[in-house]
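Enquirer:
Numbering (this note's numbering), first residue to last: 70 to 1066.
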């Protein structure tokens, strides 16, 4: 007897053998069921070798209790002690699977299925499983027989007799045998239906690929034909009835549970399509309507049950179409988009626990392998395997994937699949989530051979393998392209020139020969620059492929690299700062404007980093003005000063454009900006502030160069139009008015001459041809338009507005805002025009009619000839002009009484009108949405084409790039145009209600 406070030797031995609850285990071992073998050390050793000794012991006691009599119990115990193969198998299963322990407790004799230990038992196939299911006569007995067969697979799996790939193959073979048995039961129940039709069952997904999980939907497609002489419609109804019955036999829950769901949603038209189609109907659908992912799914199509001849005809007819899929437009982006969509749909709480769908998960490997198969399987039949690991091995053997990369990926995939198998085996539930409970993690780790510290060891191994997959799944596709041109791995098979060309075309490169030349220039050599670029290029190529113009992205990267490649900070930036490389790839492949700005001063690439020295956040006006004025002070003369100011403007335009592109495309570090209005406001504010600061610096430079510190007249620049409204786009002119006021004692003519010289010189210097983009200063909104003087005194403005002002000028003055020069003079000008733009008592009816007439005239006269009005972002129905004139009419009519309307900014005025009840909230939302979209279209056109435009491009690549900026994936330019028309049409309806009513 053990003295109080001391543990028994059995308790200690149990702890040493891995039991977590030794007290409970000791009680079970002392029970009557195990009395005959209690002292036998073999039993304890065998239990300690299982994944969960406590669970194994508990399951063994339950199995003994379930035996019908003492003789049966004795037989089980004797066999258990005498036969090591049975001991390892039975206890291994009991320690890994609670669900199979439940099955054994219900069917106490099924342990006998584990006694057999012959060479043919090591690798069972369809024939052996069909034999094991042969006695099933109904759905219940089929489930029992299925679990008995599953028991044998699990036993050999947990003992290591078969590896993970063999386990998956056997599970697929068992599924094949089960589908055949279920179909036989369905046919036996309806022989008249079976007599009318030929029905073939095509396995898809993991079952078709011979790599099934323990618990998984079994994906199938059904093909039916009428037997000779039968009516086709009637035969298809019979085939559908048989198929439905077969699915129910497998899927429905009985007293023995269910087998697994049979899922036919991969069929043409999915759930909306007929369950069974003829072969000709299948063929017609895939030739005309099928999407890229449907051809990808057909990679794994395999006839498994029913009419074998019809199944073979199906595969023979459709396989040629599979290998043409890579020729489809946007093939690779379509596949990549589908992969992204899978990741995006994972609940946030599950992302870090997902073995299958998360980043670095099983699906990453499968997608990458299937993509390569579809690209190169056209010309290489050795790649046409439905099994992931076999296909990966074939890709490596053919040089389509590096051997080291393939080996690492193979190892990671096997480990992740093993985890998935053992997680599902525990309760035979369909899940791909790594458990959180420590007991479950301990069992899982021990089941994979991690015994010293199973939880920590498991988590380390999982993260390591997931990291390998994350690193390689993109590299797998792009790295061989570098090997092909740079000959990095002597003696290893590499891509042929034709295979490299195929891959680049599939990625969306229009000129694969040029792309290969760029890759060779970037990746060849033994310099530090080449080594770093070889590391970066596989990832960069993926980002370029995600754009509308991969060719331009790669060419621009080569240009930047040629300019900066010998600069240590550039290579360090791309290598070490996580966001910089992806930001650069996005910017270089998004269109012409940003790369053009960057090429003029490549050192601006530093702005793309995520360190303290970089950053894409816009700088405020005060900060910009301070920098520009400091540069002006240091300059020698006005020309040099304005050149410096324009250089700052170029750099800041690049910063703004890059931030806009990154916010619109999204990156790993920063998802797509959800608030499109915020993006528009950010661009408008940044460009407007930059323009104001540039004008302030130019004014200071011109004055200093001609008059020293003091101009003979006070001088102010008033922003108008989009400039005054803080809504400038990348290609906008700066609309302004110039106002001056002679200083005390200065002759008015002298003052006027000085003011005119300042205006003339400012405009000239800002447009001098140079590497920096010009800033066009437009003063056409001045009194009397182009016929009037460029600059007036404040008194002259006052006299003109008092006597001659027209309603269009009041309308234009709604946007007037001081932007540069003498602040006091600017303030007094704004005070002068406030009564004009916010007239006391509102706008007279004749003035309202005049505004409407002007708007109608502008619509009729200013729209370019040949332009589609419905797609003109500025002047078309529901475009910028519609929204702005509607808002501005409200400002003219009600600005005197509603303070919120007294703003130069369209969106703020619209929100104020809604708050004041002048516009229904829903209508205001419609107008705001249309204005934001139209503004983004104009910004997109400028970013993509490098020149301003108000209509969508006609070039397909440029149109696709605009679509990408606006959030529409490859191949969806038509959806973008439809969305624009729909948004503009709704806005036009509101405009007609508010503006013309």
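Just so it is clear, CB atoms sit at the ideal spot from N, CA and C, and this is done for glycine as well.
Quantities reported herein were computed from a predicted structural model and do not represent experimental measurements.
Please classify residue 844 as buried or exposed, where buried requires at least 16 other C-beta atoms within 10 Å of its C-beta.
Expert: Translated into the one-based positions of the chain shown, residue 844 becomes position 775. Classification for residue 844: buried.
Enquirer: Please report the straight-line C-alpha distance between residue 882 and residue 609, rounded to a whole angstrom.
Expert: Position 813 of the chain shown, counted from the start, is the residue given in the question as residue 882. Position 540 of the chain shown, counted from the start, is the residue given in the question as residue 609. Rounded to the nearest angstrom, the two C-alpha atoms are 48 Å apart.
Enquirer: Given this structure, state the Cα-to-Cα distance separating residue 385 from residue 640, to the nearest angstrom.
Expert: Start at 1 with the first residue of the chain shown, and residue 385 comes out as number 316. Start at 1 with the first residue of the chain shown, and residue 640 comes out as number 571. Roughly 52 Å separates the two Cα atoms.
Enquirer: Between residue 512 and the rest of its own chain, which residues show a CB-CB distance below 6 Å, the 5 nearest in sequence each way excluded?
Expert: Numbered from its first residue, the chain shown carries residue 512 at position 443. Here the set comprises 120 and 121.
Enquirer: Let me check one thing: in DSSP terms, what residues is residue 292 bridge-paired to?
Expert: In the chain shown, the residue the question calls residue 292 occupies position 223. Bridge partners of residue 292: 269 and 346.
Enquirer: How big is the Cα-Cα spacing for residue 756 and residue 722?
Expert: Numbered from 1 along the chain shown, position 687 holds the residue referred to as residue 756. Numbered from 1 along the chain shown, position 653 holds the residue referred to as residue 722. About 7 Å.
Enquirer: Just to confirm, is the Cβ distance from residue 734 to residue 1017 under 9 Å?
Expert: Numbered from 1 along the chain shown, position 665 holds the residue referred to as residue 734. Numbered from 1 along the chain shown, position 948 holds the residue referred to as residue 1017. No, the pair does not count as a contact, with Cβ atoms beyond the cut-off.
Enquirer: May I have a chain-ordered list of the alpha helix (DSSP H) segments no shorter than 4 residues that lie completely inside the stretch 210-251?
Expert: None, since the stretch 210-251 contains no complete alpha helix (DSSP H) of that length.
Enquirer: Around the C-beta of residue 622, are 16 or more other C-beta atoms found within 10 angstroms, so that it is buried, or is it exposed?
Expert: Taking the chain shown and counting its residues from 1, the one referred to as residue 622 is at position 553. Answer is buried; the Cβ neighbour count reaches 16.
Enquirer: Can you tell me where the alpha helix (DSSP H) holding residue 122 begins and where it ends?
Expert: Within the chain shown, numbered from 1, the residue matching residue 122 stands at position 53. Residue 122 -> alpha helix (DSSP H) spans 122-135.
Enquirer: Quick test of your reading: residue 149 and residue 159, contact by CB under 8 Å. State the CB separation rounded to the nearest angstrom.
Expert: Start at 1 with the first residue of the chain shown, and residue 149 comes out as number 80. Start at 1 with the first residue of the chain shown, and residue 159 comes out as number 90. The Cβ separation is near 7 Å, so the contact holds.
Enquirer: Is the Cβ-Cβ distance between residue 929 and residue 879 less than 9 Å?
Expert: One-based indexing of the chain shown puts residue 929 at position 860. One-based indexing of the chain shown puts residue 879 at position 810. No.
Enquirer: Quick one: using the 10 Å Cβ neighbour count with 16 as the cut-off for buried, is residue 1008 buried or exposed?
Expert: Your numbering for residue 1008 matches position 939 in the chain shown. Its Cβ being crowded by 16 or more others within 10 Å, residue 1008 is buried.
Enquirer: Rounded to the nearest angstrom, what separates residue 984 and residue 966 at their Cα positions?
Expert: Locating residue 984 in the chain shown gives position 915, where the first residue counts as 1. Locating residue 966 in the chain shown gives position 897, where the first residue counts as 1. Roughly 13 Å separates the two Cα atoms.
Enquirer: Mark residue 839 as exposed unless 16 or more other C-beta atoms lie within 10 angstroms of its C-beta, in which case mark it buried.
Expert: The residue given as residue 839 occupies position 770 in the chain shown. Exposed, by the Cβ-count rule.
Enquirer: Is the Cβ-Cβ distance between residue 712 and residue 759 less than 9 Å?
Expert: Taking the first residue of the chain shown as 1, we reach residue 712 at position 643. Taking the first residue of the chain shown as 1, we reach residue 759 at position 690. Cβ atoms of residue 712 and residue 759: not closer than 9 Å.
Enquirer: For residue 927, does the count of other Cβ atoms within 10 angstroms reach 16, so buried, or fall short, so exposed?
Expert: Within the chain shown, residue 927 is the residue found at index 858, counting from 1. Per the 10 Å Cβ criterion, exposed.
Enquirer: May I have a chain-ordered list of the alpha helix (DSSP H) segments no shorter than 4 residues that lie completely inside the stretch 290-339?
Expert: DSSP runs (the alpha helix (DSSP H)) wholly in the stretch 290-339: 301-320.
Enquirer: What does DSSP give as the partner residues of residue 795 in its beta bridges?
Expert: Locating residue 795 in the chain shown gives position 726, where the first residue counts as 1. Residue 795 pairs with nothing; no bridge assigned.
Enquirer: Return the chain-ordered ranges of every alpha helix (DSSP H) run that is complete within the stretch 586-616 and spans a minimum of 4 residues.
Expert: Counting only runs of 4 or more, we get 597-614.
Enquirer: Which of the three DSSP states, helix, strand or coil, is assigned to residue 688?
Expert: Stepping through the chain shown from its first residue, residue 688 is reached at position 619. DSSP places residue 688 in coil when its eight states are reduced to three.
Enquirer: With which residues is residue 760 paired in a DSSP beta bridge?
Expert: Numbered from 1 along the chain shown, position 691 holds the residue referred to as residue 760. In the DSSP output, where bridge partners are listed per residue, residue 760 has none listed.
Enquirer: What does a CB cutoff of less than 8 Å around residue 452 pick up in its chain, not counting 5 residues either side in sequence?
Expert: For the purposes of this step, residue 452 is taken as the residue at position 383 of the chain shown. 441, 442, 445, 446, 460, 463, 464, 467 and 469, listed in sequence order.
Enquirer: Please identify the residue among 414, 145 and 672 whose C-alpha is closest to the C-alpha of residue 637.
Expert: Sequence index remark: in the chain shown, residue 637 carries index 568 (1-based). Of the listed residues, the one whose Cα sits closest to residue 637 is 672.
Enquirer: Would you grab the beta carbon distance between residue 234 and residue 458 for me? Rounded to a whole angstrom, and I think it's under 8 Å.
Expert: Here residue 234 corresponds to residue number 165 of the chain shown, with the count starting at 1. Here residue 458 corresponds to residue number 389 of the chain shown, with the count starting at 1. At roughly 6 Å, the Cβ-Cβ gap stays under 8 Å, so residue 234 and residue 458 are in contact.
Enquirer: Alpha carbon to alpha carbon, how far is residue 533 from residue 307?
Expert: The residue you call residue 533 lines up with position 464 of the chain shown. The residue you call residue 307 lines up with position 238 of the chain shown. If I take the Cα positions, the gap works out to 52 Å.
Enquirer: When the Cα atoms are used, what is the spatial distance from residue 597 to residue 644?
Expert: In the chain shown, residue 597 corresponds to position 528, counting from 1. In the chain shown, residue 644 corresponds to position 575, counting from 1. Each residue's Cα considered, the two are about 12 Å apart.
Enquirer: For residue 523, count the other beta carbons within 10 Å of its own beta carbon; 16 or more makes it buried, fewer makes it exposed. Which is it?
Expert: Here the question's residue 523 lines up with position 454 in the chain shown. The residue is buried, with at least 16 neighbouring Cβ atoms inside 10 Å.
Enquirer: Where do the ends of the beta strand (DSSP E) carrying residue 880 lie?
Expert: The sequence position of residue 880 within the chain shown is 811, counting from 1. Unbroken run through residue 880 is the alpha helix (DSSP H), 876-882; no beta strand (DSSP E).
Enquirer: For my contact list, residue 951 and residue 1051 are in at a C-beta cut-off of 8 Å; report their separation, rounded to the angstrom.
Expert: Stepping through the chain shown from its first residue, residue 951 is reached at position 882. Stepping through the chain shown from its first residue, residue 1051 is reached at position 982. About 15 Å separates the two Cβ atoms, so there is no contact after all.
Enquirer: Does the stretch 299-306 come close enough to the stretch 248-259 that 3 or more CB-CB pairs lie under 8 Å?
Expert: No, the stretch 248-259 is not in contact with the stretch 299-306.
Enquirer: Run the CB neighbour count on residue 157, radius 10 Å, all protein chains shown included, and call it buried at 16 or more, exposed below.
Expert: Translated into positions along the chain shown, residue 157 becomes position 88. The residue is buried, with at least 16 neighbouring Cβ atoms inside 10 Å.
Enquirer: Going straight from the alpha carbon of residue 72 to that of residue 90, what length do you get?
Expert: As a first step, residue 72 is located in the chain shown; it is residue number 3 there, counting from the start. As a first step, residue 90 is located in the chain shown; it is residue number 21 there, counting from the start. Confidence at residue 72 is low in this model, with a pLDDT of 48, below 50, so its placement is unreliable and the value that follows should be read with caution. Approximately 20 Å, taken between the alpha carbons.
Enquirer: Round the Cβ separation of residue 335 and residue 288 to the nearest angstrom and send it over; I've been treating them as touching at under 8 Å.
Expert: Start at 1 with the first residue of the chain shown, and residue 335 comes out as number 266. Start at 1 with the first residue of the chain shown, and residue 288 comes out as number 219. With 8 Å as the limit, residue 335 and residue 288 qualify as a contact, their Cβ atoms being about 5 Å apart.
Enquirer: Could you name the residues that DSSP lists as bridge partners for residue 1069?
Expert: Because residue 1069 is not part of the residues shown, which for the chain are 70 to 1066, the question remains open.
Enquirer: For residue 349, count neighbouring Cβ atoms within 10 angstroms of its own Cβ and tell me buried if that reaches 16, exposed if not.
Expert: Counted from its first residue, the chain shown places residue 349 at position 280. Label assigned to residue 349: exposed.
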